[in-house]
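The structure under discussion appears below in the form of structure tokens.
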Ligand code: DGJ
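Residue numbers (the numbering used here): 6 to 719.
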């Protein structure tokens, strides 16, 4: 069956994405492109009669509102436009004309594009759609073009959404999103959607800790296991905005694109602007089904190296902070190797005058007093221990106290006649300027080569303030978008030039985790809060959108340096084993017994890693429950791993049995339990494990945890 089906009589185009269908109707006579279906599979006949525009019941209504694929301002429309333009004469009202559409199908993916222009005005736009046979995620983006002749005045795009996603009319709408702050990212919130406009946004020049460009909508009836869920995400790493509109008439649309409110794009004649990709996903499989489908999409169609197991890393930050020396790092690396780490990462403090956060950013040569012979001897030592060598960098930043700033004060983003407010004593370099990105690429390549670097942790530790690109263009705020595009360019060129280099995305923890950043990195640092209990809620939210394969998690010291909470090593490991396991504690202060115990967990993680990192993930409960678990099922079905935690005190009532998911009901599994409870070694059928589960008890006491391993026997 073709991925894109066209029903010419009705002008309906059906996009078949895995077991879902999206249909739109192109109506040249009316100048409209409208959504007619987003849900389960349908045929052209099913949607032929669907949603014909109604006549306006009165002079205060616009039947088109909430139905178009990219609504403009103009004609009879009152809803917020997805595309809002201002011409040189001040006109914003657009009268769209449909020029036609084009379909290209190749192998297991297909693209549709629909072209439109404004009557008598120099603006053309093309709506793009991509679908794939194996994936319910639909990718959409828009290309906008000033089609005038040279010399015609420019036009300004006030709102330039990648897409408008229109949901079916539902009796209720509920919105799920992840919110937070520094050291408290990805907190999942589910709230009824108010009538009006609800905007999630970052006005910070980066994706942000406060909101992530992802939203899930349902009719307040979906559960973790079942029910219709629609999600929308944006592949953007700069400022962004996603507005969900619930009309009083009962319609619901999501508009999203790069740039916050007020980030305008001015196009001169002949210029064009390509929006980021926005993804849309429908599933009848509840929130868990939505997450699993999104995880598969990230793995199969976003990540650059999805097939590689992510290494167990040891990072120096919480152990040594800025007190980085050759001897200290060597000692840490020796212990990291002893417990089985595969990658040793020297964090902040290795360069310039960086003995604290007040100086050195921008001067990317090894700190003379810390590394008199440079970094190569340390890299060689780490390689000699059988580990890969990683280095922290923060290429987009500069301390005013640095050689770079003294030479190039004009490279920072801040406007010359405005106060530049340093945050964490640093300013942002303007990565929208090619001379700045050329400089960054040059020293990054040299650093990777000179110090035999296998892995970079790319950090970004402050939001933009007073930002605008030099030259006072009328659309100076577009730097809130274009800076991130410059970062993407450097990452792309770096990876192309050094294909074995691997990169971790970081922004003071999880301030830049998004689909665009993951398209050019291998994993993400999720939060600077490494408290194993707090982390469970952060990881629960993160897992709504992103797979365990990119979720960096470290075991650090107890009491935790950030929260002062004391948590047993076992719980700390089980918490971090839910993603890409790392160790970030000061191993020089761990006892020999702790190091041995740690080595045993690392070994166990390596055995289970393929299932955890790339398996299908099932959330069994939430961190708000007395105990909860996450289950991973290997894609070939041969193994399943369950990590279960009780963060608080044991309840008196018996813990409910843990019913498992994703198993083959007819298969038989051997269940092993590393807590030594009676379940260990039992053999049960998939059907019994799903309907009756395993005993839910954890050992007594606070912060109890366990790992179950299920191996398919037949
Ligand atoms: C913020 C990161 O999230 C930390 O892990 C660490 O790398 C510091 N920056 C270093 O300055």
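Just so it is clear, CB atoms sit at the ideal spot from N, CA and C, and this is done for glycine as well.
Alpha carbon of residue i to alpha carbon of residue j, nearest angstrom
{"i": "residue 9", "j": "residue 17", "result": "10 Å"}
{"i": "residue 316", "j": "residue 346", "result": "8 Å"}
{"i": "residue 705", "j": "residue 680", "result": "11 Å"}
{"i": "residue 671", "j": "residue 710", "result": "29 Å"}
{"i": "residue 172", "j": "residue 560", "result": "42 Å"}
{"i": "residue 713", "j": "residue 641", "result": "18 Å"}
{"i": "residue 141", "j": "residue 410", "result": "48 Å"}
{"i": "residue 571", "j": "residue 108", "result": "59 Å"}
{"i": "residue 133", "j": "residue 46", "result": "21 Å"}
{"i": "residue 34", "j": "residue 102", "result": "8 Å"}
{"i": "residue 603", "j": "residue 579", "result": "11 Å"}
{"i": "residue 342", "j": "residue 388", "result": "10 Å"}
{"i": "residue 583", "j": "residue 648", "result": "7 Å"}
{"i": "residue 577", "j": "residue 371", "result": "33 Å"}
{"i": "residue 426", "j": "residue 470", "result": "7 Å"}
{"i": "residue 256", "j": "residue 175", "result": "8 Å"}
{"i": "residue 690", "j": "residue 719", "result": "10 Å"}
{"i": "residue 309", "j": "residue 58", "result": "43 Å"}
Identity of the residues DSSP links to residue i by a beta bridge
{"i": "residue 220", "result": "237"}
{"i": "residue 462", "result": "397 and 509"}
{"i": "residue 617", "result": "DSSP lists no partner for residue 617."}
{"i": "residue 121", "result": "103 and 130"}
{"i": "residue 27", "result": "20 and 43"}
{"i": "residue 318", "result": "348 and 587"}
{"i": "residue 404", "result": "DSSP, once it has assigned bridges, lists no residue as partnering residue 404."}
{"i": "residue 277", "result": "150"}
{"i": "residue 356", "result": "371"}
{"i": "residue 689", "result": "674"}
{"i": "residue 10", "result": "19"}
{"i": "residue 644", "result": "716"}
Test item: CB-CB of residue i and residue j under 8 Å
{"i": "residue 270", "j": "residue 247", "result": "no"}
{"i": "residue 135", "j": "residue 113", "result": "no"}
{"i": "residue 22", "j": "residue 143", "result": "yes"}
{"i": "residue 474", "j": "residue 512", "result": "no"}
{"i": "residue 628", "j": "residue 653", "result": "no"}
{"i": "residue 663", "j": "residue 715", "result": "no"}
{"i": "residue 340", "j": "residue 431", "result": "no"}
{"i": "residue 694", "j": "residue 665", "result": "yes"}
{"i": "residue 620", "j": "residue 606", "result": "no"}
{"i": "residue 106", "j": "residue 117", "result": "yes"}
{"i": "residue 612", "j": "residue 557", "result": "no"}
Coil, strand or helix - residue i by DSSP
{"i": "residue 427", "result": "coil"}
{"i": "residue 133", "result": "strand"}
{"i": "residue 226", "result": "coil"}
{"i": "residue 369", "result": "coil"}
{"i": "residue 382", "result": "helix"}
{"i": "residue 456", "result": "coil"}
{"i": "residue 415", "result": "helix"}
{"i": "residue 265", "result": "coil"}
{"i": "residue 439", "result": "helix"}
{"i": "residue 596", "result": "coil"}
{"i": "residue 364", "result": "strand"}
{"i": "residue 422", "result": "coil"}
{"i": "residue 389", "result": "helix"}
{"i": "residue 91", "result": "strand"}
{"i": "residue 482", "result": "helix"}
{"i": "residue 286", "result": "strand"}
{"i": "residue 245", "result": "strand"}
Closer than 7 Å: residue i CB and nearest the ligand DGJ heavy atom
{"i": "residue 464", "result": "yes"}
{"i": "residue 601", "result": "no"}
{"i": "residue 322", "result": "yes"}
{"i": "residue 187", "result": "no"}
{"i": "residue 333", "result": "no"}
{"i": "residue 511", "result": "yes"}
{"i": "residue 514", "result": "yes"}
{"i": "residue 397", "result": "yes"}
{"i": "residue 530", "result": "yes"}
{"i": "residue 497", "result": "no"}
{"i": "residue 533", "result": "yes"}
{"i": "residue 2", "result": "Here the chain has residues from 6 to 719 only, and residue 2 is not among them."}
{"i": "residue 352", "result": "yes"}
Contact with chain C by residue i, beta-carbon distance below 8 Å
{"i": "residue 625", "result": "The structure shown contains no chain C; it holds only a single protein chain."}
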